[in-house]
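Single-structure report; data block below.
In this note's numbering, the protein residues as written are 162 to 524.
If you want it as structure tokens, here you go:
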């Protein structure tokens, strides 16, 4: 052939064909004269009495509990993409055993949540074998603690946070959060705006429209002032904040001959000192979006599966959600995070929270 008249380089990125790595571990037993028994080293590549590698179990758990892939599709993905045939029962049993191993780490997240400076909380419906339960999420900026419980009352909030929470609690208007004391509370504005839109569809009275306009303007002015915190001088900011408090008091004291207006005024009166907290603390938001964002993964799972079939399955779900989501909030690779945590637990080392700098940041 003649010499080419030109040439260029074409770069193609692809994934290699993956084949399972099979490792045979020869375990030597030694007689311990002090313990009067045979001792053997611990294998950290897999859970006890399991032939499934630890990385495979953690990776598939991440697919199921955080990404939202169903158990059946996890099995298909393992077979097609990884060349790793596994049964649904074997996979779920491995997840349960791994969650049991990491339960202490899950409890450690709950302890950190109880001492958060600012905490968001929310709950949503859940199903266990067709019975209605509730999925609770308590989230700070670095940790998220999930709990699946049959109850939706104050007893769950007290169980997680105690009767006195030393930080600022941001929630919606659900009554369960009223049962505990906190350094301060902030109620979610988005729920109020949603309520206004909902009532607009059913109530067109002039009285309601007048009340709605006053409340909507008050909330929007408060949000606007919070956004202007950095550009307003302290005296100007304090003066405008005081004016908003005065407007809120005047709105609560006003008389409106409308059932919906009276109902919302009653709510505002009950939560009078929980409406403008964010103006006093720059790290506090008037919205509970952070907690609702933590619910998105669970809500997606709820759409593609029947949630859980047993209480043990629900506990496993809560543990993995808490660990994986906390890793994400810290900017860590969730699979590496859990893998290192599980390895430490298998050799009997402390399972205290792993410092973020000890792990690579997630891509």
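A virtual CB, placed ideally from N, CA and C, is assigned to each residue, including glycine.
Start-to-end residues for the alpha helix (DSSP H) that takes in residue i
i: residue 387; result: 367-388
i: residue 417; result: Note, residue 417: premise wrong, no alpha helix (DSSP H); not H, not E.
i: residue 248; result: No alpha helix (DSSP H) holds residue 248; DSSP gives it neither H nor E.
i: residue 237; result: 232-242
i: residue 217; result: 215-222
i: residue 450; result: 450-465
i: residue 441; result: From DSSP, residue 441 is part of no alpha helix (DSSP H); its letter is neither H nor E.
i: residue 272; result: 264-275
Residue i and residue j closer than 8 Å at C-beta
i: residue 218; j: residue 208; result: yes
i: residue 331; j: residue 449; result: yes
i: residue 298; j: residue 456; result: yes
i: residue 383; j: residue 327; result: no
i: residue 462; j: residue 229; result: yes
i: residue 417; j: residue 226; result: no
i: residue 317; j: residue 325; result: no
i: residue 238; j: residue 259; result: no
i: residue 267; j: residue 484; result: yes
i: residue 329; j: residue 247; result: no
i: residue 366; j: residue 419; result: yes
i: residue 412; j: residue 375; result: yes
i: residue 493; j: residue 305; result: no
i: residue 198; j: residue 345; result: no
i: residue 401; j: residue 386; result: yes
i: residue 470; j: residue 290; result: yes
i: residue 452; j: residue 283; result: yes
i: residue 205; j: residue 252; result: no
i: residue 278; j: residue 213; result: no
i: residue 294; j: residue 475; result: yes
i: residue 341; j: residue 370; result: no
i: residue 506; j: residue 215; result: no
i: residue 390; j: residue 443; result: yes
Residue span of the beta strand (DSSP E) that contains residue i, given as start and end
i: residue 347; result: 342-348
i: residue 410; result: Segment 395-414 is the alpha helix (DSSP H) holding residue 410; no beta strand (DSSP E) there.
i: residue 191; result: 191-193
i: residue 338; result: Looking at the DSSP string, residue 338 is not in any beta strand (DSSP E), and its letter there is neither H nor E.
i: residue 310; result: 305-310
Coarse secondary structure for residue i, derived from DSSP in three states
i: residue 290; result: coil
i: residue 506; result: helix
i: residue 201; result: coil
i: residue 434; result: helix
i: residue 284; result: strand
i: residue 493; result: strand
i: residue 323; result: coil
i: residue 296; result: strand
i: residue 329; result: strand
i: residue 183; result: coil
i: residue 206; result: coil
i: residue 318; result: helix
i: residue 469; result: strand
i: residue 168; result: coil
Burial state of residue i (16 or more Cβ within 10 Å)
i: residue 562; result: The question about residue 562 has no answer, for the chain in this structure spans 162 to 524.
i: residue 434; result: exposed
i: residue 175; result: exposed
i: residue 421; result: buried
i: residue 518; result: Low per-residue confidence applies at residue 518: pLDDT is 49, beneath 50, and the placement is therefore not dependable, though the value from the model is reported in the following sentence. Residue 518 comes out exposed.
i: residue 429; result: buried
i: residue 192; result: exposed
i: residue 410; result: exposed
i: residue 363; result: exposed
i: residue 495; result: buried
i: residue 478; result: buried
i: residue 473; result: exposed
i: residue 394; result: exposed
i: residue 210; result: exposed
i: residue 358; result: exposed
Rounded distance between the beta-carbons of residue j and residue i, thought under 8 Å
i: residue 236; j: residue 249; result: 6 Å
i: residue 348; j: residue 432; result: 5 Å
i: residue 321; j: residue 271; result: 7 Å
i: residue 459; j: residue 280; result: No, residue 459 and residue 280 are not in contact; Cβ-Cβ is about 18 Å, not under 8 Å.
i: residue 314; j: residue 337; result: 5 Å
i: residue 203; j: residue 508; result: 6 Å
i: residue 356; j: residue 425; result: 7 Å
Any non-hydrogen atom of the ligand GDP closer than 7 Å to residue i Cβ
i: residue 445; result: Absence of the ligand GDP is noted for the structure shown, with no ligands found whatsoever.
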